[in-house]
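Note sheet for the following structure.
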Amino acid sequence: MHFSPALRARHSPTHSAGFSNGSHSVSPIGRCSAPQRRRAPRIARDKAARSRPKDWSSIVTNDSGITAPAPHDIEHDPVFDQEQAHLDETYAALEELERVLLAKIAKTHAAVAADKEAMADEFGVNLETDDDASETYADIAAANRIIDMYNMSENINFQRLNDARLLLHQPYFAKVVLQFKEGQPPKELYIGAAGASDESYKRLVVDWRSPVAEVYYNQDLGPTTYRANGRDIHVDMQLRRQFDIDHATLNAYFDTDVAIQDSLLLASLSRQRDGRMQAITATIQKEQNTVVRHEDVPVLLVSGIAGSGKTSVLLQRIAYLFYQRRGELDPSQVFLITPNPVFRRYIDNVLPDMGEKNPECITWDEFAATLMPKGRAGGELNVPIEELLRIDDLVRNVEFEQHDFKDIESCGVRLIPAAQIAQLAAKYRRIPAGPRLVALMREELEIRLEARLKQMAATDAAQMEVEELSIPEQVEIFHETIAPQTDAEVRSYTLAYLRQKHADAYDTVARDEWLRVDRIGMRLTGQKSIETVTWLYLKMALTGMGNADAKYVMIDEVQDYTCAQLAVLARFFRRAHFLLLGDENQAIKPNTASFAEVRAAFEAMRGEVEECRLMTSYRSAPGITALFTRLMPPDDRVRVQSIQRAEEEPELIECPDEQRLLAELRNAIERTREDEGLTAIIVPWKQEARKLIAALGDDAPLLVDGRHSMPDEGVFVITLPLAKGLEFDHVIIPDASVKTFGENDLARRRLYTTISRATRKITILAQGSITPLLKG
Numbered sequence: 001m002h003f004s005p006a007l008r009a010r011h012s013p014t015h016s017a018g019f020s021n022g023s024h025s026v027s028p029i030g031r032c033s034a035p036q037r038r039r040a041p042r043i044a045r046d047k048a049a050r051s052r053p054k055d056w057s058s059i060v061t062n063d064s065g066i067t068a069p070a071p072h073d074i075e076h077d078p079v080f081d082q083e084q085a086h087l088d089e090t091y092a093a094l095e096e097l098e099r100v101l102l103a104k105i106a107k108t109h110a111a112v113a114a115d116k117e118a119m120a121d122e123f124g125v126n127l128e129t130d131d132d133a134s135e136t137y138a139d140i141a142a143a144n145r146i147i148d149m150y151n152m153s154e155n156i157n158f159q160r161l162n163d164a165r166l167l168l169h170q171p172y173f174a175k176v177v178l179q180f181k182e183g184q185p186p187k188e189l190y191i192g193a194a195g196a197s198d199e200s201y202k203r204l205v206v207d208w209r210s211p212v213a214e215v216y217y218n219q220d221l222g223p224t225t226y227r228a229n230g231r232d233i234h235v236d237m238q239l240r241r242q243f244d245i246d247h248a249t250l251n252a253y254f255d256t257d258v259a260i261q262d263s264l265l266l267a268s269l270s271r272q273r274d275g276r277m278q279a280i281t282a283t284i285q286k287e288q289n290t291v292v293r294h295e296d297v298p299v300l301l302v303s304g305i306a307g308s309g310k311t312s313v314l315l316q317r318i319a320y321l322f323y324q325r326r327g328e329l330d331p332s333q334v335f336l337i338t339p340n341p342v343f344r345r346y347i348d349n350v351l352p353d354m355g356e357k358n359p360e361c362i363t364w365d366e367f368a369a370t371l372m373p374k375g376r377a378g379g380e381l382n383v384p385i386e387e388l389l390r391i392d393d394l395v396r397n398v399e400f401e402q403h404d405f406k407d408i409e410s411c412g413v414r415l416i417p418a419a420q421i422a423q424l425a426a427k428y429r430r431i432p433a434g435p436r437l438v439a440l441m442r443e444e445l446e447i448r449l450e451a452r453l454k455q456m457a458a459t460d461a462a463q464m465e466v467e468e469l470s471i472p473e474q475v476e477i478f479h480e481t482i483a484p485q486t487d488a489e490v491r492s493y494t495l496a497y498l499r500q501k502h503a504d505a506y507d508t509v510a511r512d513e514w515l516r517v518d519r520i521g522m523r524l525t526g527q528k529s530i531e532t533v534t535w536l537y538l539k540m541a542l543t544g545m546g547n548a549d550a551k552y553v554m555i556d557e558v559q560d561y562t563c564a565q566l567a568v569l570a571r572f573f574r575r576a577h578f579l580l581l582g583d584e585n586q587a588i589k590p591n592t593a594s595f596a597e598v599r600a601a602f603e604a605m606r607g608e609v610e611e612c613r614l615m616t617s618y619r620s621a622p623g624i625t626a627l628f629t630r631l632m633p634p635d636d637r638v639r640v641q642s643i644q645r646a647e648e649e650p651e652l653i654e655c656p657d658e659q660r661l662l663a664e665l666r667n668a669i670e671r672t673r674e675d676e677g678l679t680a681i682i683v684p685w686k687q688e689a690r691k692l693i694a695a696l697g698d699d700a701p702l703l704v705d706g707r708h709s710m711p712d713e714g715v716f717v718i719t720l721p722l723a724k725g726l727e728f729d730h731v732i733i734p735d736a737s738v739k740t741f742g743e744n745d746l747a748r749r750r751l752y753t754t755i756s757r758a759t760r761k762i763t764i765l766a767q768g769s770i771t772p773l774l775k776g
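Heads up: the sequence shown at position 312 corresponds to 312 in full-length UniProt numbering, and the numbers run straight through without jumps.
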């Protein structure tokens with residue numbers, strides 16, 4: 001371990017926080033000035049070289065026995081000087097690259113403006129004769145080629161500019177020295193959050209997602225391999241070096257070869273938490289890297305214990321896929337199903353900090369609400385998957401009846417009666433019910449709706465409505481004021497008005513809401529009511545409803561879903577590949593799917609399911625890890641590994657009565673106010689949170705719910721369902737008595753999940769005896 005003499009009693013985060021501008025709105029004259037380099041003066045370097053930076057003390061020696069070399073005398077460390085010199089050179093090259101790219105973008109903008117002016121002067125549309133038309137079409141094609149060329153050039157330059165600006169915060173975090181062929185000099189590769197080459201195509205930094213960077217994450221010195229272009233490349237890794245870098249300042253470097261000595265990881269784990277998750281690009285471990293770089297398969301199931309980095313791995317996997325499929329994979333084609341809105345806000349900065357855009361992030365409730373009729377939500381989610389799969393067979397034999405349809409209405413006007421829709425179904429009676437029949441009926445209904453509005457546009461009543469529109473209403477509807485001169489113009493404006501007024505009718509047709517799905521479902525299944533998941537599955541089977549453009553769907557906390565929910569998602573995103581991540585020990589809701597059932601559900605709908613396991617815990621201090629590990633099944637306990645850092649031992653306090661419990665809780669809260677970082681008081685459900693807030697009165701901390709983000713520091717109350725997937729420096733459990741956590745499997749999983757949110761300290765209170773789950 002080697003420290004910079006310029007490093008004072010502070011340590012910068014190990015992740016890079018990049019600047020990204022994916023909107024192509026960088027002004028060619030609005031250049032962002034690069035950060036000033038912070039090189040310590042010589043006298044400061046001499047002084048710092050004689051002292052150990054205190055923020056690294058927990059890494060140099062800690063209670064788990066991990067020991068790294070003490071800092072060398074910097075004045076006699078030629079390696080440090082060489083690495084700082086290389087950093088200076090790289091940083092200057094990145095600054096120059098930024099200047100060059102901004103100049104290119106400015107030049108492109110000027111060329112576009114000039115070409116637009118020239119095209120406006122020279123271009124004309126003439127379709128009078130075939131020859132004139134051919135010449136016009138040729139001119140249009142030539143103009144389109146010029147536009148495409150400019151767009152391609154601009155996209156490339158903006159991507160390179162974004163990457164350069166991202167790297168100006170931290171040019172790289174690692175270096176590997178690889179011997180590719182015997183007898184040839186080894187190559188030095190510097191690995192960073194993005195890749196960059198200068199204008200002469202000299203490689204400055206290798207993107208962490210490139211194939212060759214895999215050897216860094218494999219962590220094996222000596223002979224190793226990586227896979228590129230479908231073949232294995234054999235190399236000899238002679239050096240694996242990590243850096244702590246802030247802009248152009250090298251703070252320290254570490255030569256490591258195994259995970260337990262990963263100094264950057266240990267520094268990252270020692271960092272205090274705030275309200276946002278941070279990227280782990282520099283500290284991805286070997287088993288995590290297996291998931292991140294896993295081959296593209298239809299379904300990948302990742303089972304990981306608490307603190308194993310499942311969510312971080314998920315986000316790194318998304319970034320890796322964007323890199324692998326650059327230019328063909330759009331963020332709108334990737335969906336992340338998140339547990340709740342608080343969790344979504346917690347992770348929303350991770351991908352942008354890596355220079356990537358966030359995918360579509362939705363919760364299950366949001367997903368269902370966009371597909372269900374207004375006012376219909378909730379319901380039982382634990383429907384046997386066999387019932388859903390049986391729907392496919394039932395639909396093949398169904399015949400629509402007259403009462404299976406409902407009127408298409410808008411603004412109190414019945415535009416198409418249900419009887420007409422039934423007549424339309426009879427017209428296609430030789431076609432069996434299902435997506436093909438519904439598609440034909442939908443097209444016909446769109447035609448009939450348009451005809452109905454045209455008929456209405458010819459009436460005096462509708463035309464009078466248009467005539468009475470105010471000027472602001474005219475501008476809002478037609479984007480201009482209107483003064484029709486002929487009957488045809490009057491009808492045209494009236495039709496445009498009616499289309500906007502009855503836009504919900506077009507939506508009703510497009511969403512197939514003229515079908516009475518509930519009635520059809522009750523008739524098919526013989527049930528008196530249809531649950532939400534059954535309704536969704538039946539609607540898809542009948543109409544083909546779904547997203548065929550989605551390419552990837554990531555489901556975090558998969559253990560909190562039922563098989564029926566997963567079947568609906570698999571059916572809706574019918575062409576997407578799925579990444580499923582979770583921990584069976586964190587299934588805090590009753591009747592959710594076991595991993596065996598998750599596998600079976602996706603095998604029934606998608607075929608083979610591949611699986612990875614993450615059995616190393618990085619989150620919590622030794623005492624906390626031992627505490628929640630005790631709540632795991634015995635077979636899993638023996639496989640768990642942990643990266644342990646010495647922190648305070650868990651504090652368990654039994655209180656004889658409620659008055660003493662509240663007093664101890666107030667004391668615990670008061671002590672945490674002096675600490676930095678986040679302290680979460682975790683209660684099982686909303687009702688307990690409200691009771692706790694009321695009992696504490698004026699001393700009550702902030703209550704974080706689905707409408708609010710977490711603070712960056714301080715103490716707050718949060719329910720367990722919202723705390724899932726998050727982590728906090730200090731966790732307080734206000735009542736861990738048998739009344740709250742009984743001796744059953746569901747209580748065991750809830751307690752495991754609650755305890756494993758803590759990273760550094762945990763305080764567990766109980767009114768009376770503490771739950772037997774923690775005894776022994």
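Quick reminder that beta carbons are idealized off the backbone N, C-alpha and C, glycines included.
Asked	Found
Inter-residue CB distance, Y618 and S308 (contact presumed, cutoff 8 Å)	7 Å
Proximal residues to F400 (C-beta, below 7 Å), its chain only, five neighbours per side dropped	A425 and A433
Identified DSSP bridge partners for Q242	A174 and F254
Within the region 506-549, ranges of the beta strand (DSSP E) (whole runs, at least 3 residues)	none
For V704: DSSP bridge partner residues	I718
Where E654 sits in the DSSP three-state scheme	strand
F335 versus L314, Q527 and A110, residue with shortest Cα-Cα distance	L314
Own chain residues within Cβ distance below 6 Å of F19, not counting five before or after	Low local confidence applies: a pLDDT of 30 at F19 is under 50, so the model's placement there is unreliable, with the coordinate-based value given in what follows. Cβ neighbours of F19 beyond the five flanking positions: R165.
Sequence ranges, alpha helix (DSSP H) only - wholly within the region 337-421, length at least 4	341-347, 350-353, 364-371 and 385-396
DSSP state of K589 mapped onto helix, strand, coil	coil
Same chain only: Cβ atoms within 8 Å of R673, ignoring 5 sequence neighbours per side	G714 and V715
Rounded separation between D487 and R452 - CA only	18 Å
Distance, A723 Cα to residue 777 Cα	The chain is shown only over 1 to 776; residue 777 falls outside these bounds and no answer can be derived.
C-alpha gap between R203 and S197, whole angstroms	4 Å
Supposed close pair L381, V533 - CB separation, criterion 8 Å	6 Å
Proximity below 8 Å, CB of Y552 to CB of H577	yes
Nearest-angstrom Cα separation, counted from F602 out to S312	24 Å
Best match in T763, Q242, V302 and L440 for proximity to E649 [C-alpha to C-alpha]	T763
Alpha-carbon spacing of P622 relative to Q285, whole angstroms	19 Å
Limits of the unbroken beta strand (DSSP E) element including Q455	No beta strand (DSSP E) contains Q455, which is instead part of the alpha helix (DSSP H) from P435 to A457.
Bounding residues of the alpha helix (DSSP H) (the contiguous stretch that carries K310)	K310 to Q324
Where S769 sits in the DSSP three-state scheme	coil
Three-state secondary structure (DSSP) of F628	helix
Cα-Cα separation, E688 to L614	33 Å
Y561, DSSP secondary structure in three states	coil
Per-residue DSSP class, three states only, for P223	strand
Y217, enclosing alpha helix (DSSP H) - first and last residue	E214 to N218
Span separating the alpha-carbon of Q767 from that of E214	52 Å
Cβ-based burial, K528 [other Cβ within 10 Å; buried from 16]	exposed
Cβ contact (3+ pairs, closer than 8 Å) linking the region 100-114 and the region 214-234	no
Start-to-end residues for the alpha helix (DSSP H) that takes in F602	F595 to R606
Residue-chain proximity (L329, chain B), Cβ-Cβ < 8 Å	This model lacks chain B altogether, as it is built from one protein chain only.
Assigned secondary structure, Q179 (DSSP; H/G/I helix, E/B strand, else coil)	strand
DSSP beta-bridge partners of I105	Paired residue(s): none; I105 is not in a bridge.
From A174, K686, T759 and A694, residue whose alpha carbon lies closest to that of L239	A174
Whole-angstrom C-beta distance between L579 and M554, which should lie under 8 Å	5 Å
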